[in-house]
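The block underneath contains the structure these notes are about, expressed in C-alpha cells.
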Amino acid sequence: MKLRLAFAVGVVAFLALLGGCANWSGQGPASGSVSLSVGIEKPRADALTNSRQLVVKATATGGRIDRVEVEYQGPQSGKVSLSPQTGSWLGDLPGVLPSGSYTLTAKAYSGSQVKDSVPVKFTLDVDPPTVQFLGPSLSVLGSGSVEVRVRATDALSGVLGVQLYAGTRLLGDMTPTPSGEYVFSLDASSLASGSVSLRAVAKDGAGNQGETTLAITVDKTPPTVTWLEPADGAVVSGTVPLRVEATDNVGVAKVEFFAGSTKIGEATSAPYEISWNTTAYPDGPVTLKARAEDRAGNVAEAAI
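No gaps in the numbering here: position 49 of the sequence shown is 59 in our numbering, and each next residue is one more.
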C-alpha cells in the first residue's frame with residue numbers, strides 16, 4: 011500500500027515537471043518584458059548655453075541598456091553616441107556645430123527595444139560678443155580725464171555687461187545699455203606713464219566672452235617753452251615777429267601766443283612763430299605769453 015502511494019506521488023511530480031519544461035524558452039525573460047525609460051538632463055529645455063555637453067538618464071527594468079544615443083536637428087543634424095558613467099550617459103555635441111536652435115532626442119536601446127525621450131529644444135550660442143573701441147581717438151593721453159567709449163553687441167544671447175581694464179587692472183564695469191555703447195570716464199593720472207593696453211571685455215548670456223584692446227601712451231610730462239624773440243623788456247613798434255622754442259617728449263601739438271589775455275595767433279609746427287601788429291595797442295608795457303600744448307594735453311607757459 012505504501013509503495014503504491016509513493017509511486018503515484020512520483021508520477022504526479024514527474025508530470026508537473028514535464029509541464030514546466032514545455033514553457034521554457036532557454037532565452038531568459040522575453041524582450042517584451044523590459045521596461046525602458048530615458049530622459050535628457052542636460053541641456054535643459056529652452057536653455058541658452060555655449061556648453062555642448064549631453065547628459066542622459068536611462069534605465070531598464072527587467073533587462074539592461076545596450077546603448078544610448080542622441081539625435082540633434084537644427085542648422086546641422088546628426089547623432090552622438092554616449093558613454094555610461096556614474097549612473098548617467100555622457101557625450102558632447104560636435105565641436106564644429108554652429109550656433110542656432112536645436113532639438114535633441116535621446117534613444118535608449120535594449121535588445122530589439124528602443125525608447126525615445128521627450129524632445130528637448132535649446133539654443134546653442136558659441137559666438138562671442140563683438141567688441142570695439144569708439145574712442146578716445148588720441149593714442150597719447152595726459153594726466154586729465156578722458157572718455158573711453160566701447161560698442162559691444164551679441165546677436166543670440168545679448169550682452170550682460172562690459173568691463174574696462176588697463177592691463178589686468180579693472181577700471182570700470184557697466185551693465186547692458188539699450189544703445190550697445192558703453193562710456194567710461196578714465197582718469198589718466200591714475201595710470202602709470204608709458205605704454206598702456208586698454209582692454210574692453212564683454213560677456214553674453216550664454217557665457218561667451220569677447221574682447222578687444224587699444225594701445226595708448228600715458229604722458230604726464232609737460233612741454234618746455236622758451237622765448238627767443240623779442241627779448242624780455244624790449245621796446246618794439248610796428249609789426250614784429252614773436253618766436254619761441256618748444257619741445258616735448260611725445261611732440262608739441264601747438265603753441266598759442268597771447269598779448270595780455272588776448273590770443274593773437276598760434277603755430278602748429280616748428281618754427282613756432284607769428285607776426286604781431288603792435289599798432290592796435292597803446293604805448294606802454296605789455297605782457298606776452300606763449301602757451302605750448304603737447305599731444306597728450308599737457309601744457310606749459312612762458313611770459314616776457
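Each residue gets a CB set at the ideal place from its N, CA and C atoms; glycine is no exception. Given the structure is predicted, the values throughout are model-derived calculations rather than measurements.
Secondary structure note for Ile-75: it is in no beta strand (DSSP E), with a DSSP letter that is neither H nor E. Residue pairing by DSSP places Lys-230 opposite no residue, since no beta bridge is assigned to it. For Thr-249, the uninterrupted beta strand (DSSP E) run begins and ends at 249-257, by DSSP. The residue among Ser-155, Leu-201, Met-184 and Thr-185 with its C-alpha nearest the C-alpha of Gly-177 is Leu-201. For Gln-173, the enclosing beta strand (DSSP E) covers residues 169-176.
Judged by beta-carbon spacing, Ala-118 lies within the 8 Å limit of Ala-68, meaning their Cβ atoms are closer than that value. 8 Å or more divides the Cβ of Pro-188 from the Cβ of Asp-164. In this structure the segment 290-300 does not touch the segment 145-153; the number of beta carbon pairs closer than 8 Å is below three. Note: Gln-142 is bridge-paired with Arg-161 in the DSSP secondary-structure output. The Cβ neighbour count for Lys-273, taken over all protein chains shown within 10 Å, is under 16; the residue is labelled exposed. Secondary structure at Thr-71: strand, using DSSP grouped into helix, strand and coil. Spatial neighbours of Arg-161 in its own chain (CB-CB distance under 7 Å, excluding positions within 5 residues in sequence) are listed in chain order as Gln-142, Leu-144, Gly-190 and Glu-191.
Between Asp-229 and the set Ala-306, Lys-213, Gly-105 and Gln-63, the nearest pair of CA atoms involves Ala-306. Residue state for Ser-111 is assigned as strand, using DSSP reduced to three classes. For Asp-304 and Gln-63, the gap between their C-alpha atoms comes out near 56 Å. For Asp-197, the enclosing beta strand (DSSP E) starts and ends at 191-197. Annotated three-state conformation of Thr-289 is helix, per DSSP.
Taking Lys-89 as the centre and dropping the five residues before and after it, the same chain places the C-beta of Glu-79, Val-80, Glu-81 and Tyr-82 closer than 8 Å to its C-beta, in chain order.
Secondary structure of Ser-93 (DSSP, three-state): strand.
As computed with DSSP, Glu-266 is found in a beta bridge with Glu-276 and Arg-301.
Ser-155 sits in a strand when the DSSP states are folded into three classes. Of the candidates Thr-59, Ala-212, Tyr-291 and Asp-126, Tyr-291 places its Cα closest to the Cα of Thr-249. In this model, Glu-311 and Ala-241 are separated by some 16 Å (Cα to Cα). Cβ atoms of Thr-236 and Val-254 come within 8 Å of each other, at about 6 Å. At a Cβ-Cβ threshold of 8 Å, Asp-137 and Ser-109 count as neighbours. Measuring C-alpha to C-alpha distances from Ser-247 to each of Pro-295, Thr-59 and Thr-223 identifies Pro-295 as the nearest. For Arg-179, the uninterrupted beta strand (DSSP E) segment begins and ends at 179-184. Annotation for Val-48: Ala-68, Ala-116, Ala-118, Lys-125 and Ser-127 place their beta carbon closer than 6 Å to its own, counting only its chain and skipping 5 residues before and after.
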